[in-house]
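For reference, the structure is listed below as C-alpha cells.
Number of protein chains: 4
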Amino acid sequence: MKKLISFLLLISLIFSVSVGQRKIINLPDLPGFVTLKCDFHLHTVFSDGNVWPTVRVSEAFRDGLDAIAITDHLEYTPKKDYIPVDHNAAWKIAQGTAKEFNIILVHGAEITRSMPPGHLNALFIEDANLLAVDSVWDVFEAVNKQGAFLQWNHPGWKSQQPDGIPRMYDIHYKLIRNKWLHGIEFFNGNEYYPLVMTFCRTHNLAVIGNSDNHGVISETYAAPATTHRPVTLVFAKERTHDSLKEAMFAGRTLAYFGDMLAGKEEYAKPFFWQCISIGKPYFGNDRNIYFEITNNSDIPFTLANGPAGAPATIAIAANSITRVVLSKKVTAPLIYDVKNVIIGENEVLKAELKY
Amino acid sequence: MKKLISFLLLISLIFSVSVGQRKIINLPDLPGFVTLKCDFHLHTVFSDGNVWPTVRVSEAFRDGLDAIAITDHLEYTPKKDYIPVDHNAAWKIAQGTAKEFNIILVHGAEITRSMPPGHLNALFIEDANLLAVDSVWDVFEAVNKQGAFLQWNHPGWKSQQPDGIPRMYDIHYKLIRNKWLHGIEFFNGNEYYPLVMTFCRTHNLAVIGNSDNHGVISETYAAPATTHRPVTLVFAKERTHDSLKEAMFAGRTLAYFGDMLAGKEEYAKPFFWQCISIGKPYFGNDRNIYFEITNNSDIPFTLANGPAGAPATIAIAANSITRVVLSKKVTAPLIYDVKNVIIGENEVLKAELKY
Amino acid sequence: MKKLISFLLLISLIFSVSVGQRKIINLPDLPGFVTLKCDFHLHTVFSDGNVWPTVRVSEAFRDGLDAIAITDHLEYTPKKDYIPVDHNAAWKIAQGTAKEFNIILVHGAEITRSMPPGHLNALFIEDANLLAVDSVWDVFEAVNKQGAFLQWNHPGWKSQQPDGIPRMYDIHYKLIRNKWLHGIEFFNGNEYYPLVMTFCRTHNLAVIGNSDNHGVISETYAAPATTHRPVTLVFAKERTHDSLKEAMFAGRTLAYFGDMLAGKEEYAKPFFWQCISIGKPYFGNDRNIYFEITNNSDIPFTLANGPAGAPATIAIAANSITRVVLSKKVTAPLIYDVKNVIIGENEVLKAELKY
Amino acid sequence: MKKLISFLLLISLIFSVSVGQRKIINLPDLPGFVTLKCDFHLHTVFSDGNVWPTVRVSEAFRDGLDAIAITDHLEYTPKKDYIPVDHNAAWKIAQGTAKEFNIILVHGAEITRSMPPGHLNALFIEDANLLAVDSVWDVFEAVNKQGAFLQWNHPGWKSQQPDGIPRMYDIHYKLIRNKWLHGIEFFNGNEYYPLVMTFCRTHNLAVIGNSDNHGVISETYAAPATTHRPVTLVFAKERTHDSLKEAMFAGRTLAYFGDMLAGKEEYAKPFFWQCISIGKPYFGNDRNIYFEITNNSDIPFTLANGPAGAPATIAIAANSITRVVLSKKVTAPLIYDVKNVIIGENEVLKAELKY
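First to last, the sequence lines map onto chains A, B, C and D.
Under our numbering, the letters of the first sequence match residues 422 to 776, in that order.
Under our numbering, the letters of the second sequence match residues 422 to 776, in that order.
Under our numbering, the letters of the third sequence match residues 422 to 776, in that order.
Under our numbering, the letters of the fourth sequence match residues 422 to 776, in that order.
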C-alpha cells in the first residue's frame, strides 16, 4: 500500500521547477480557418505603461494567445525624462522573445489625439517613428503608405466622449471613404460600446476586442470578476503573421471578453454551433423528455426567452453537459435568444435547439 | 460605453439559479471505443456510509462520471438499529434519479470478510439479498450464478494486511482458476498497491480504481490535494449498461487518480498518444530548435530520464502546450519515461517524442 | 542553499494526513459577551434530509460554528419506509460526536404545518416525540411545557405565502400574547424577508438566520456565490448550552449571511464598531488628506451616500485596511449608510467616520 | 421573500469599482513593539527588473507590507541603451506614491560584485550615485559614511558559490570587525541558507528574508506553491522610517516565507506564543482528554516528535482551532519540536503545550 499523496507531491515538485507552458484556451476553429486569439492594444514603459516589452510576450504565452501588438502612444510619453523616445524600441526589444515563445508580434503604435479623431492603433506597420508627425491626416497617410491596418480605439471613452456614446465625425467618414479605417474596438479594457456593432455592420469593419493594458494583465483580470482579458478572435487561414494580417483586413473576427462574444452573425452563428451540440433524448416519462446540450468550449452561453412551457432560460456552462427537462406539451420550436452573443447594437444571436 | 461588469453579473445571476450541469472530464476516447468514467465502490447509510443513495447519483452527475455502483457491505450494517437491513434498498432508491440524470447505475454489493479473502465487490448483480449467506464460497457461487463481475478490493489495506503488501491466498487462486475473479483495485481511496499490476498482468484481470467513499465526495477530494476521486476508465463500445459490462469482463480499463494512470500497456500507450501530440519545430537558431507538445487532456504528464543533452525532465501540463528547447547537439532519439503512467509494478510507459 | 519548495511540500504532506481543525470565523465579541455562531435549522435522513446526523456536527466543526440544532420535521418523514420514525433519534446519534468536537448540540424539532401557522422550530426541547400530536395548539403547549424556544421559520416562503410577503395570522398573535414565540428567521437558506425586521422590533423577538439545509453544506454554500451558510450570531455570557439558551430568550442576536448583517440596532451598532476602527490621517497635501479604515473582521462593509465632496461610496473589504482620500473642502460630518447592516425593514445602520 | 443573491451581486458591483485596500497579514505584535512586514530587495527597469518603480509600491500596498527598499544593481544595468543610468531615479520616482499609500520607502542599492564579497544591499542610504565607485572597499566606506545598513545577499547563491553553501571570506570578517555588516539574507527568492543562522548568531547580525524580485510579485508567488513573498518581520517601536531603521540596526527581526519562520530564539519564541494559545480541556472520557489549540495567525505550525503515547505530530492550521485528543496514559510533558520555526542551522524551536 502506498499513499497517493507522496506520489502527487513528487510530481508537483517536478512541475514546480519547470517552465514553459501555454494554456490552451478551449475555443473551436471555423471550417477552413484557425481561430487566433489576439490582443492588439498593449502599453509598456515606452509610453505610459508600467512593464518592460518582454513582459507582454510572456503574458501572452502564459494566457494562450497567438498574437499581440505593443501599441505605445506616439504623442504621449510621460516617462521621457527617464527613457528617451524611440517609437520602435518596444517592438525591437520584444521581437526575440516573441520568436522563442511562438507568439506573433505585430508591429504597432497608438495615434493619440483629442476627439476627433481620438485614439487609433496602426497595426502591421513598418516604422513607428515615421508616424510621429504633426498633422493627423499626415499620420493617416503614412499609415496607409505602410500598408497598415487602422483600428479606432475605445470610441465611447468618457474622457473624450463625455456621454459615453461613440460618435462618428467627418474625419472618420473620410477615413472610411478612403478605405483607410479597418476596424473598431467593441471591447476596450473593462468597457464595451454597443453602437460599435452598427458602425461595423454599416461600414463593413472588423469588430475588435483588446485589453489596452498599462499594468499587469494577471492583476487586471483576476478571478472572480473575470479570468481573461478582452481579445479578438481572428479566423485566419494559417497561424502566421501574414495570414493574420489577411484575415484582419478581411474582417473575419469576433470580439471576446468575459462571457460575451460580439461580432457579425456570419461568424458568430457558425462559431456558436461549433461550441454547442445537442444529443438525442436519453430518457422520457409520461410528462417529460430529457436531453443533453454539450458545450465543448470555455464560453458559457445563456439561452433566454424560450417558448411557452419550455424552460424560460437555459444556462449552458462552459466545458459541460447541460441537462434539459422538457415538458411533452411543448410543440413550438425551441428557439432561444443567446443573450451573450451580440450581433447588433440591440440584437443577439437566435438559436434553435433541435434534439 | 458600458461597464462589462454589470453584464457579467447579470449572467451570473441567471446562472446561479440554474441547475443541471455535468462537468466534462477532458479525456480522449480510444479508436472504436468511448471512455466511460466509473466509480464502482461507494457506500451509503444502508451500511456504514453517511449519505442517502441519491446523493451518490448527483455527485456522479456533477463530477462528470458515466457510471457508478453503490456497494454497501453485506456483512457490516452498523446503522441497523435505525435502518432495517435490505441489501437492495440503496439500488432501488437511486434508480429513478440515475435515469433522470443519465448515470448508468450498476447494481452491486460488497462482500466483507476477514482476510482471506478480504473484501470483494460483486458488480452487475441481480439481487444482493441472495448474496447474504454464511459461507464465503457460497457467496461466490451466488455471485457467479448472477453472472456478476467480481472485484477484489484494496488488497493491501493495512487493517487486513498489516505490512500493506497485497498477497494472494489459496482462495484467490481458486477464484482465478474458476474465472470467477475479474478485476482488482489498484487505487482505493487515497491508497494504491503497485503489486496489483503484477497480479492483473499475470492473471489477465482488469485494473480498477475506485473511491470507496463513505462520506461526501466533494469534501474528501478537495483542492489542492486533488480535484477528483479515483475512477476506472472503461473503454466500451457504447455508453450503455451492457456495453460497460462487456468491456469490464474484457478487461479494457485504466485506473485514474490524481495525476496517475495505471493499467496494461495495450490501453495505456494508445491512450497517452490520444492525449499528446507533437508539433513541427517553429523556431531555431545556432544552438537550439524549439517545438511544442500539445496536451489536450486533463492529465498532466511528467517525462523523465531524457537522453544526454536533452531536457532531463519535461513537465507537460494539462490542457496546455509545452514549449521544448532542444540543443542541436542531441542526436539520440527522445525517449522518455512517462513517470505517471504505470504499466507494471516497477514499470512506467516509455514514449518517444518525434517532432 | 536549499529550495524552499521541498520544505513546503514536506509540511503539506504532514498537514494532509492530519485532521481536526476548526476554522476561526473572524468576528468580534461584544463587551461582556462572546459571539456564538449558530445554525438552528438542519435536516437529516430522519426526515427529508440526505445526510446522517453526525455529518451535521462535523460540518459545524469544520465551519467554525459553536452550536447547531438538528430540526427534522415532526409531520413529514418521507423516508419512513426505510427508516422507522423516532423524532429523538438524530439528536441521540449526534450527541457523542458533538461532545468530542466541542459543538453545543441543541435538541430541536420542526413543527411542519400548513399556513397558518406554517413551520416553526422548537429549540432546547427535552423530548421531540412528545411534540408529535395532532392539534397544533397542543404542540405549542407541549413546547412551552418543555421550556423550549419557539422560532417561526421562513415566514415568506412562497410555497406557503405565494406573494413572498410574511403575514402574521391570529395564531401568531396569540403565540406572542402568550410569550410563546421567541424569534423569527430573517434568513432562511438563500432567502431573506425584510418585513421580519418589523415583526421582531414590534414584538421584541430574536432576529434569526439559519441554513435549513437538507443536503451538504459545502455543496450548497460554495464560492463564488458565498462562502458561508446563514447563521445566527448570539451574544452569550459564556460558551455553554445554558448561556446560549439564556441569550436566545433575551433576544441578543444578529443574523449573518453573505455580506449581510441584520438585527436590532442595539446589537448591530456596537458590533459594527468592534469590526471597524479609523486611523489618524497619515498624509496630506494641498488638496487632500489621507486616512485608513481598518476592518478586523470577515465581513466587508459597504458605505454609501456620503456627504457632498467626499467619496460617495466606500467599500471596506474584509480583513483589510481601506485607504480613504478625502478632499480638504469637505466640512460636513462623514456620515454614511452601512448598506449591508440591516436594522429595519427599510433601514440600514448609519455610521459617522471620525478620523 | 428576497433572494440573497441579488443583494450580494449589488454589493460585489460596488466593490468591484472600488480600489485602495491593503490586505491585513494576520501576525501578532511583540509586547512593546509593532511587527513591520518588509521586503528590502526589489528590482525595477532601472537595473535588470521588468517593472516601473511605482509598481513596487502598489504591490507592497496590496500585499499588506509596511516597508520596501528598491535596490537596483549599481554595477549591472543591462537596459542602459534605453534607460540612461541614474541610481537614485527609482527611489525618486516611487517616493510620492509611497507617501500616498502609507508605505515606508527605504532608499537602497545593490552592490553587485563577484564573490567575495558577492552582492550586498546598502539600505537607508542618502545618495546611491555616491556608491558607484570602483573599489569595493571604497563603496563600503561610502555606505558607512551615509550611516547605512549593510545586508549580505543570498550568500549561498550557486552562481557565485557553486556548492550552494555560504562561506565567509576575509572581507566579510573585516566588515564584521568594523561593524559595517548588519544583516544577512536567510531567505532570498525561493531559496534559503541554513548556515546563515550560524553566521547571524555568532556575529550578532539581523536574520533577513527578501524576495529579490525582478518580475511581478503576484506571478512569482502564486498559489498553490505559496501565497506570499519572503519578508522580514521587524519589531519596531513605531511604524515609522526611523523606528524601522533603529530596529534593523538592533537586529530585532524574523525572516518569514511560506510556512517558515527563521531567526533568533529571543524573538521566535515570544512570537510563537503570541500566535498560539492552549485551552482548558473541554471533554474527557475514560481513555482520553480533549483540548484545543488556537492559532490566531496566518502561519500554520507543525509540531513533531511528541512524547510517547501523545500524537507524534500536531498540525496547527493557520487561523484555526486545532482539536487534540490525548490519551490519559501520557504523563510526560508535552514538549514538541516546532518544525517550521528555525532558530539555528540545525535547530528548531521547542514548545511545551500546557493545557
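Glycine included, every Cβ here is placed at the ideal spot set by N, Cα and C.
Hey, would you say residue 444 of chain C sits closer than 9 Å to residue 654 of chain C, going by beta carbons?
no
Residues near residue 371 of chain C by beta carbon distance below 6 Å, same chain, minus five either side
This structure gives no information on residue 371 of chain C, because the portion of chain C shown stretches from 422 to 776.
When you compare the CB of residue 632 of chain A with every CB in chain D, is at least one pair closer than 9 Å?
no
Could you name the residues of chain B that residue 521 of chain C contacts, counting a contact when the two beta carbons are closer than 7 Å?
Chain B residues near residue 521 of chain C: none, gap ~16 Å exceeds 7 Å.
On the three-state DSSP scale, how would you describe residue 443 of chain B?
strand
Note down, in chain order, all residues in the stretch 512-544 of chain C with a beta-carbon under 9 Å from any beta-carbon belonging to chain E.
Structure shown: chain E not included; protein chains present are A, B, C and D.
Residues bridged to residue 475 of chain C by DSSP?
None, per the DSSP bridge assignment.
Cβ-based neighbour list, residue 471 of chain C, same chain, cut-off 7 Å, excluding 5 preceding and 5 following
635 and 636
So is residue 636 of chain A in contact with chain D if we call contact Cβ pairs under 9 Å?
yes
Other residues of its chain near residue 745 of chain C: CB distance less than 6 Å, five sequence neighbours each side excluded:
712
Check the Cβ of residue 743 of chain B against every Cβ in chain A and list those closer than 9 Å, keeping chain order.
439, 441, 442 and 443
List, in chain order, every chain A residue whose beta-carbon is nearer than 7 Å to that of residue 473 of chain D.
466 and 471
Answer yes if the stretch 522-533 of chain B comes into contact with the stretch 479-497 of chain B, meaning at least three C-beta pairs across the two stretches below 8 Å, and no otherwise.
yes
Going by alpha carbons, who is nearest to residue 733 of chain D out of D:724, D:689 and D:606?
D:724
Looking at the structure shown, is residue 639 of chain B part of a helix, part of a strand, or coil, going by DSSP?
helix
Report the neighbours of residue 510 of chain A on chain D: residues whose CB is nearer than 8 Å to its CB, in chain order.
503
9 Å Cβ cut-off: residues of chain A touching residue 476 of chain D:
471, 472, 636 and 637
Can the beta-carbon of residue 740 of chain B be found less than 9 Å from the beta-carbon of residue 717 of chain B?
yes
Spatial distance of residue 776 of chain A from residue 523 of chain A (CA atoms):
41 Å
I'd like to know whether the C-beta of residue 432 of chain B is nearer than 9 Å to at least one C-beta of chain C.
Low confidence applies to residue 432 of chain B: its pLDDT is 45, below 50, so where it sits in the model is not reliable, and the reading given next is rough at best. Taking Cβ atoms only, chain C never reaches closer than 9 Å to residue 432 of chain B, which makes this a no.
Measure the alpha-carbon distance for residue 438 of chain A versus residue 658 of chain C and round it to whole angstroms.
No answer about residue 438 of chain A holds up, because its pLDDT of 35 lies below 50 and its placement is not dependable.
Can you tell me whether residue 758 of chain A is helix, strand or coil according to DSSP?
strand
For residue 466 of chain A, which residues in the same chain have their Cβ closer than 7 Å to its Cβ, ignoring the five residues on either side in sequence?
472, 473, 500 and 504
Determine, using beta carbons only, whether residue 571 of chain D comes closer than 9 Å to chain C.
no
Specify, as a first and last residue, the run of the alpha helix (DSSP H) that residue 560 of chain A falls within.
557-566
Do we get a CB-CB distance below 9 Å when we pair residue 711 of chain A with the residues of chain B?
yes
Chain B contacts made by the stretch 650-668 of chain A, where a contact means CB separation under 7 Å:
none
Please report the distance separating the alpha-carbon of residue 728 of chain C from that of residue 754 of chain C.
7 Å
Inter-residue CB distance, residue 633 of chain D and residue 462 of chain D (contact presumed, cutoff 8 Å):
5 Å
Partners in chain D for residue 740 of chain C, counting only beta-carbon separations shorter than 9 Å:
444, 445 and 447
Mind checking the stretch 672-706 of chain C against chain D and listing, in chain order, the residues whose C-beta falls within less than 8 Å of any C-beta there?
678, 679, 680, 681, 703 and 704
Contact set for residue 464 of chain A: own chain, Cβ-Cβ below 6 Å, skip 5 residues either direction
470, 493 and 635
Looking only at its chain, what residues have a beta carbon closer than 7 Å to the beta carbon of residue 749 of chain A, apart from the 5 residues adjacent to it on each side?
708, 709 and 710
Quick one: does residue 500 of chain C have its CB under 9 Å from some CB of chain B?
yes
Residue ranges of each beta strand (DSSP E) run of no fewer than 3 residues wholly in the stretch 669-701 of chain A, ordered along the chain?
674-678, 681-684 and 697-699
Please state if the CB of residue 606 of chain A and the CB of residue 572 of chain A are separated by a distance shorter than 9 Å.
yes
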